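Numbering (our numbering), first residue to last: 196 to 420.
This report refers to the structure that appears directly beneath it.
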Ligand SMILES: C[S@@+](CC[C@H](N)C(=O)[O-])C[C@H]1O[C@@H](n2cnc3c(N)ncnc32)[C@H](O)[C@@H]1O
């Protein structure tokens, strides 16, 4: 067994991250086993799902979509699990996890058709912008886990974070903004209830030469002007 570093340091942070990723890997191997995915036609991920308000409504309306919501906060995940249990939604799961660690822990073949990021923490101060979830590295990591042709759905009330995300997605080689795409499921998230207005962005994960079976798909239109 790996020895635990005994001081508060980079090694300790790395040790703890490795432990979390090891636990997540075991849990996700079960969740995404053949038995776990029985009957699923599509896979969906919501990052930063809060209490699972929006995702529970989505799962109720889409019984053949296997839905997973993740959040950093334990009590929010518990509340999501209670909603799921109350409605007996076996295709809905809530897991306590950090977004990037979760993506690192997924079984090899798992690709999502839809990923939702609803009202992510905006980190409004400039010196905190590096803490925003949307970063070039995160978009690359996400692209590896989204089916070509799959979509990222992003919504925020924060103008600065919206502009930031438009810029980062536009500059990223794996994603293309779809200005005319429609939001697939209008239901308020917990945060949306308190907002007077918000902006939405939908981006499609493009085809790259590295995608298996790419063939002619790299020339398919995404509907983007
Ligand atoms: C502003 S709340 C929005 C919650 C929910 N999406 C909604 O619209 O009601 C942001 C949520 O993202 C979670 N969160 C922040 N950073 C995260 C990360 N890196 N990975 C997973 N969850 C994260 C927070 O714990 C919080 O519950």
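Beta carbons are placed, not taken as given, at the ideal position from N, Cα and C, and that holds for glycine.
Quick caveat: nothing in here was measured; it's all calculated off a predicted structure.
{"Item": "Residues bridged to residue 348 by DSSP?", "Value": "311, 397"}
{"Item": "Mind pulling the alpha helix (DSSP H) runs of 4 or more residues that sit fully within the segment 275-325?", "Value": "294-300"}
{"Item": "Kindly examine ligand 1 and report whether one of its heavy atoms sits closer than 8 Å to the Cβ of residue 330.", "Value": "no"}
{"Item": "For residue 369, which three-state DSSP category applies?", "Value": "coil"}
{"Item": "Thinking C-alpha only, which one of 402, 384, 359 is nearest residue 396?", "Value": "359"}
{"Item": "Going by other Cβ atoms of all chains shown within 10 Å of its Cβ, with 16 needed for buried, is residue 412 buried or exposed?", "Value": "Here the model assigns residue 412 a pLDDT of 39, short of 50, so the residue's position is not dependable, and the following value carries that caveat. Residue 412 comes out exposed."}
{"Item": "My assumption, with CB atoms under 8 Å, is that residue 278 sits in contact with residue 247. Please give the rounded CB distance.", "Value": "5 Å"}
{"Item": "Hey, quick one: how far does the beta strand (DSSP E) through residue 225 stretch, first residue to last?", "Value": "Per DSSP, residue 225 belongs to no beta strand (DSSP E); it is in the alpha helix (DSSP H), 205-226."}
{"Item": "Just mark residue 214 as buried or exposed, buried being the case when its beta carbon has 16 or more other beta carbons within 10 Å.", "Value": "exposed"}
{"Item": "Less than 8 Å between the CB atoms is what I'm expecting for residue 400 and residue 341, so what's the real figure, rounded?", "Value": "4 Å"}
{"Item": "If you draw a straight line from the alpha carbon of residue 200 to that of residue 217, how long is it in whole angstroms?", "Value": "17 Å"}
{"Item": "To the nearest angstrom, how far is the alpha carbon of residue 252 from that of residue 369?", "Value": "30 Å"}
{"Item": "Would you report the Cα separation of residue 254 and residue 239, rounded to the nearest angstrom?", "Value": "10 Å"}
{"Item": "Indicate, with yes or no, if ligand 1 has a heavy atom lying under 8 Å from the CB of residue 268.", "Value": "yes"}
{"Item": "If residue 234 sits next to residue 266, beta carbons under 8 Å apart, how far is it from one beta carbon to the other, in whole angstroms?", "Value": "Not really, about 25 Å apart at Cβ, beyond 8 Å."}
{"Item": "Taking the beta carbon of residue 398 as the centre, do at least 16 other beta carbons fall within 10 Å, making it buried, or is it exposed?", "Value": "buried"}
{"Item": "Are the segment 330-349 and the segment 308-317 touching, with three or more C-beta to C-beta distances below 8 Å?", "Value": "yes"}
{"Item": "Hey, is residue 392 close to ligand 1, as in C-beta under 8 Å from one of its heavy atoms?", "Value": "no"}
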